[in-house]
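*Asks:* The numbers in our numbering rise by one with no breaks, and the one at position 87 of the sequence shown is 76.
Backbone N, C-alpha and C define an ideal beta-carbon position, used for all residues, glycine too.
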Amino acid sequence: MLAPETITAIADELAAAERDRVTVPLLTQRYPDMTVEDSYAVQNEWRRRGLAAGRRLVGRKIGLTSKVMQAATGITEPDYGAIFDDMVFDNGSVIEHDRFSNVRIEVELAFVLKAAIDGPNATIFDVLRATEYVVPALEILSSRIEMAGRTIVDTISDNAAMGGIVYGGNAVHVGTVDLRWVSALLYRNETIEESGVAAAVLNHPAAGVAWLANKLAQHGDRLEAGEVVLAGSFTRPMWVHPGDTVLADYGPMGTISCRFV
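1. Within 10 angstroms of the Cβ of A(-2), are there 16 or more other Cβ atoms? Answer buried if so, exposed if not.
2. Using a Cβ-Cβ cut-off of 7 Å (strictly less than) and excluding sequence neighbours within five positions of D147, which residues of its own chain qualify?
3. Ignore the nearest five residues each way along the sequence and tell me which others in A30's own chain have a CB closer than 6 Å to its CB.
4. For my contact list, V124 and V101 are in at a C-beta cut-off of 8 Å; report their separation, rounded to the angstrom.
5. In the stretch 114 to 168, which residue ranges form an unbroken alpha helix (DSSP H) of at least 4 residues, counting only runs that do not cross its ends?
6. If you follow the alpha helix (DSSP H) that A30 is in, where does it begin and where does it stop?
7. Look at L219 and K50 and say whether their C-beta atoms are less than 7 Å apart.
8. Are the Cβ atoms of I106 and A126 separated by less than 7 Å?
9. Can you name the start and end residues of the alpha helix (DSSP H) that K50 belongs to?
10. Pop quiz: G81 and S246 are said to be a contact at Cβ under 8 Å. What is the actual Cβ separation, rounded to whole angstroms?
11. Report the option in G138, V166 and G197 whose CA atom is closest to the CA atom of D115.
12. What whole-angstrom Cβ distance do T12 and A6 have, given they're in contact under 8 Å?
13. CB A187 to CB L98, shorter than 7 Å?
14. For the beta strand (DSSP E) containing G70, list its first residue and its last residue.
15. When DSSP labels each residue in this structure, what does L3 get in the three-state scheme?
16. Thinking C-beta only, is V47 closer than 7 Å to A237?
17. I need the DSSP call for L15, collapsed to helix, strand or coil.
18. Name the two residues that bound the continuous beta strand (DSSP E) containing G185.
19. Is A149 near G39, with beta carbons less than 7 Å apart?
20. Could you tell me the distance, in whole angstroms, from the CA atom of E128 to the CA atom of I154?
Rendered as structure tokens:
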């Protein structure tokens, strides 16, 4: 484990990078002995500071749960990050591109919980029982650490590259639709760029949420009632630039969109 003062110094560096919209060098090149637990300690310090500053935790994101995302990043294990209230955007929002760094979009399903989920032995069925509804979502990725050569340690320290979430469309109750077969078409400026099906997330998107509940239990934490959980992308990340309009069409579950300025 890295020394506490080193964890604090890394958190300071990432906070400055987020504020200044810059990218810092890879942590793993500078701290070759840094572990996954060290990186979650950095993330927890970032989260603690956010809460102390008055930000409200509204949910979690799960990353790298599908083969397409693992192939896109070269990282083969999932990770998670925190979602604060000021990261949430309404469907159709106009969003400042410069608020983020290395901006990309992912297509996901968001689980809105009506009950807490405790690990370490949570299953898909525990997730389905605890879910109030599922809704389409776009995740905005924002990377404060340089992209080339990133490892799981870099990504976790960077709050799993979480930037924001846009969600809307038609909410559905579990059991009314086969979540494995939810599909989406992702458009940028009216041109289709990506498509995918939700089963790409660990064979069932609820499996991602179960993984998260079990991982949180290792850190003395759990998923709480009312939280929004992004289950993981079932398309590759799509780069977006100022002026781009993004739309995801989920068929019967409706559409969600945003524009970057």
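*Replies:* Well, looking at it:
1. By the Cβ-count criterion, A(-2) is exposed, with fewer than 16 other Cβ atoms from all chains shown falling within 10 Å of its own Cβ.
2. The residues L3, S132, R133 and I134, in chain order, have a CB closer than 7 Å to that of D147 in the same chain once the five nearest residues on each side in sequence are set aside.
3. Scanning its chain for C-beta atoms nearer than 6 Å, with the 5 sequence neighbours on each side dropped, one finds around A30 the residues I(-4), in chain order.
4. With a Cβ gap of about 7 Å, V124 and V101 count as contacting.
5. The stretch 114 to 168 contains these whole alpha helix (DSSP H) runs: 141 to 146.
6. Here the alpha helix (DSSP H) through A30 covers V25 to A41.
7. Their beta carbons are under 7 Å apart, which means L219 touches K50 by this criterion.
8. Result no, Cβ atoms of I106 and A126 do not sit closer than 7 Å.
9. Going by DSSP, K50 is part of no alpha helix (DSSP H) but of the beta strand (DSSP E) stretching over L46 to G52.
10. The Cβ separation is near 6 Å, so the contact holds.
11. With distances taken between CA atoms, D115 lies nearest to G197 out of G138, V166 and G197.
12. Rounded to the nearest angstrom, the Cβ distance from T12 to A6 is 7 Å, consistent with a contact under 8 Å.
13. Yes. Within cutoff.
14. Residues D68 to F73.
15. Assigned with DSSP and collapsed to three states, L3 falls in helix.
16. No, the pair does not count as a contact, with Cβ atoms beyond the cut-off.
17. Residue state, collapsed to three classes: coil.
18. Per DSSP, G185 belongs to the beta strand (DSSP E) from T180 to V186.
19. No; because the gap between Cβ atoms is not below 7 Å, this pair is not in contact.
20. If I take the Cα positions, the gap works out to 5 Å.
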